[in-house]
Amino acid sequence: MKKIVGVILAAGLLTGITTAADIGFSYKGSNYFKSYSRSDKAQPRLDNVKGTPEERGFLDFFDRADCMSIKLSGTAGGVVIDFDSNEDGLGIKQDEYYGWLNFTLPIGALQVTAGRWNGRYADRIRTDKGDLDAEDFELYKPGVINGTAGADSDNLTRGNLGIVAAWTLADKLPGVLVVKLGVANTISRKNIQQSDGWNWNPDAEAGDVKVKAGFTGEVAYRQDGLFNINFAARSITKTSYSFGLWFSPLMAEKLQLTIGGTVASGKALTVDNPDKGKEVTFVSWGERKTEWGVDLRARYKVTDTLSITTMNNISSGTASTTKAHDGKDGNQLVLWDMLNATYAFADNLKAALTLQSVSAGLDDDHENRWDVIISPSLAIQATERVTVTTSLRAEINDIRNWTVKVDALTIPVIFSYNY
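If you use this note's numbering, the sequence shown corresponds to residues 225 to 643, in order.
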């Protein structure tokens, strides 16, 4: 598949350069200042924080992240190449890279996309997100929260190497019909090395055909002023699959709304050294788990300057618990709620307040745990192409018996440039 991807990428780059009607460049630089509570309790990436546990109450520079994207496109095709900074802040790595070719058919049109990218369709209601991080706006994507097979179920390629063909019919119907079929690498963890275990059929025996990719497909229909609907399916492996359906009514001018659901079943991947970078190797597939998730997202434009956004998901059969206790318990019911209010003081100045809540163990078999994130934020559009965004993110983890303590306080300072 890599050779086919390379051919399409090269063709997309060539057509993008020779027929370029759109040349785009974007850069986003994020600096993080963070303070943990004065506690011996383990915190994420605590080793990066200076001082002894008793001294960790002060605010200090914590991390930095950079992202740069280049896009060349035209009527015949195009290419996007995205670079991110390494986790240690030294050097850069290639993140997304993909190209596409457009073909006119006797009936409809065909677009073939290949490379490494995230292929989503459903409206995630992110009009007011801007440059904010996921922790400050959208903690989870549509699908099953921390699901084995159903996480981010609207994403056909899951950021992996893949090829997707999309057929579009727009002139024979009142709306636009899109049908997608494709293949994408089976394993989502990018640094897992190829091995005999990396196979669409985990039960394959010696001599069986080894397929290193899973199968994906989607059907979508949009009619402006009426509705937008899409159905996505993934066969990640022979024993793992997910199905997702999303619907957005388009009749109300001031209301954006997306409702949907996901049903999935699959075997979790077991690896050794899962947090030690490139040394991760395949071990085995775990037990099959059935899981589901229901999404409800909405944005209402109250006035020309004020908008309210909410995102909600309830998931069952997830492999993890709350954000603070990720992966420390078995299947249980999880509820995520988000509420955001954004107010525009001027065309170049917006303020927002986001509240996010993650509750786990809502079923009778587990102890209830609760995480909360509170994020007031400010976005300043300094020029037509430059925006500066900052927030004050307070994380309150593992609330039990109404004992509340701010475990981490983070101030992101984000600079973005778009051309």
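All C-beta atoms in this analysis are idealised placements derived from N, C-alpha and C, irrespective of residue type, glycine included.
It should be emphasised that the depicted structure is a prediction, and the values quoted were computed from it without experimental measurement.
Between arginine 280 and asparagine 537, what straight-line distance do the alpha-carbon atoms span, to the nearest angstrom? Here arginine 280 scores only 49 on pLDDT, less than 50, and its place in the model is too uncertain to base an answer on.
Using only the alpha-carbon positions, how far apart do leucine 579 and tyrosine 322 sit? 35 Å
Going by C-alpha to C-alpha distance, which of Val518, Val368, Pro600, Ile604 sits closest to glutamate 619? Pro600
By Cβ distance below 6 Å, which residues in the same chain neighbour asparagine 342 in space, the five residues on each side in sequence not counted? Asn379, Gly383
Can you give the beta carbon distance from phenylalanine 361 to asparagine 642, rounded, assuming they're within the 8 Å contact cut? With a Cβ gap of about 18 Å, phenylalanine 361 and asparagine 642 do not count as contacting.
Burial state of isoleucine 387, where buried means 16 or more other Cβ atoms lie within 10 Å: buried
Nearest by alpha-carbon distance to glycine 248: which of Val303, Lys404, Ala570, Gly354 is it? Val303
Heavy atom of the ligand GDP within 7 Å of asparagine 370 beta-carbon: As presented, the structure is devoid of all ligands, the ligand GDP included, so that no description of it is given.
Any 3 or more C-beta pairs closer than 8 Å across the region 387-402 and the region 469-479: Remark: fewer than three beta-carbon pairs, one from each stretch, lie closer than 8 Å, so the region 387-402 and the region 469-479 are not flagged as touching.
What are the uninterrupted segments assigned as beta strand (DSSP E) that are 3 or more residues long and contained completely in the region 279-355, given in chain order? 284-298, 301-309, 316-328, 333-340
By Cβ distance below 8 Å, which residues in the same chain neighbour asparagine 326 in space, the five residues on each side in sequence not counted? Thr299, Ala300, Gly301, Ala333, Leu334, Gln335
For isoleucine 635, which residues of its own chain have a beta-carbon under 8 Å away from its beta-carbon, when the five flanking residues on both sides are left out? Closer than 8 Å at the Cβ level, and outside the excluded window around isoleucine 635, lie Tyr256, Phe257, Lys258, Leu283, Thr614, Ser615, Leu616, Arg617.
Quickly, what does DSSP pair serine 599 with across the bridge? List them, please. Thr578
C-alpha gap between glutamine 447 and lysine 295, whole angstroms: 29 Å
Where does alanine 358 fall in DSSP's three states? helix
Among the residues of its own chain, which have a CB less than 6 Å from the CB of alanine 456, if the five just before and after it don't count? Asp378, Glu442, Gly468
CA nearest to the CA of alanine 575, picked from Asp287, Asn621, Ala603, Thr607: Ala603
Distance, Cα to Cα, asparagine 621 vs aspartate 631? 6 Å
Distance check for proline 366 and glycine 406, CA to CA, integer angstroms please. Rounded to whole angstroms, the separation of the alpha carbons of proline 366 and glycine 406 is 20 Å.
For isoleucine 623, three-class secondary structure by DSSP: The answer is coil: DSSP assigns isoleucine 623 none of H, G, I, E or B.
What whole-angstrom Cβ distance do alanine 408 and alanine 437 have, given they're in contact under 8 Å? 6 Å
Local Cβ density within 10 Å of aspartate 352, reported as buried at 16 or more and exposed below that: buried
Who are the near neighbours of leucine 270 in its chain, counting only those whose CB is closer than 6 Å to its CB and skipping five residues on each side? Note on leucine 270: pLDDT 36, under 50, position unreliable in the model; no value is reported.
Sort Thr611, Ala568, Leu559, Val612 by Cα distance to asparagine 592 and report the nearest one. Leu559
Option in Ser459, Gly354, Asp308, Phe307 with minimal Cα separation from glycine 490: It is Ser459.
Run the CB neighbour count on aspartate 376, radius 10 Å, all protein chains shown included, and call it buried at 16 or more, exposed below. Label assigned to aspartate 376: buried.
Nearest residue (CA-CA) to aspartate 319, options Phe307, Pro330, Thr328: Phe307
Strand pairing of threonine 613, partner residues [DSSP]: Ala603, Ile638
Isoleucine 660, DSSP secondary structure in three states: No answer is possible for residue 660: it lies beyond the span of the chain, which begins at 225 and ends at 643.
Which two residues bound the contiguous beta strand (DSSP E) that contains tyrosine 465? 464-473
Is aspartate 571 helix, strand or coil by DSSP? coil
Identify the residues that DSSP records as bridge partners of glycine 449: which are they? Glycine 449 pairs with nothing; no bridge assigned.
What is the DSSP secondary structure of aspartate 264, reduced to helix, strand or coil? Because the pLDDT of aspartate 264 is 40, which lies under 50, any placement of that residue in the model is unreliable, and the number read from its coordinates should be weighed accordingly. Aspartate 264 falls in the coil class under three-state DSSP.
If the criterion is Cβ atoms closer than 8 Å, does the pair phenylalanine 250 and serine 293 meet it? Here residue 250 turns out to be serine, not phenylalanine, going by the sequence shown. Yes, the pair counts as a contact, with Cβ atoms nearer than the cut-off.
Please identify the residue among Ile349, Phe639, Val487, Asn370 whose C-alpha is closest to the C-alpha of alanine 606. The candidate whose alpha carbon is nearest that of alanine 606 is Phe639.
Measuring only the C-alpha atoms, how far is alanine 289 from leucine 329? 43 Å
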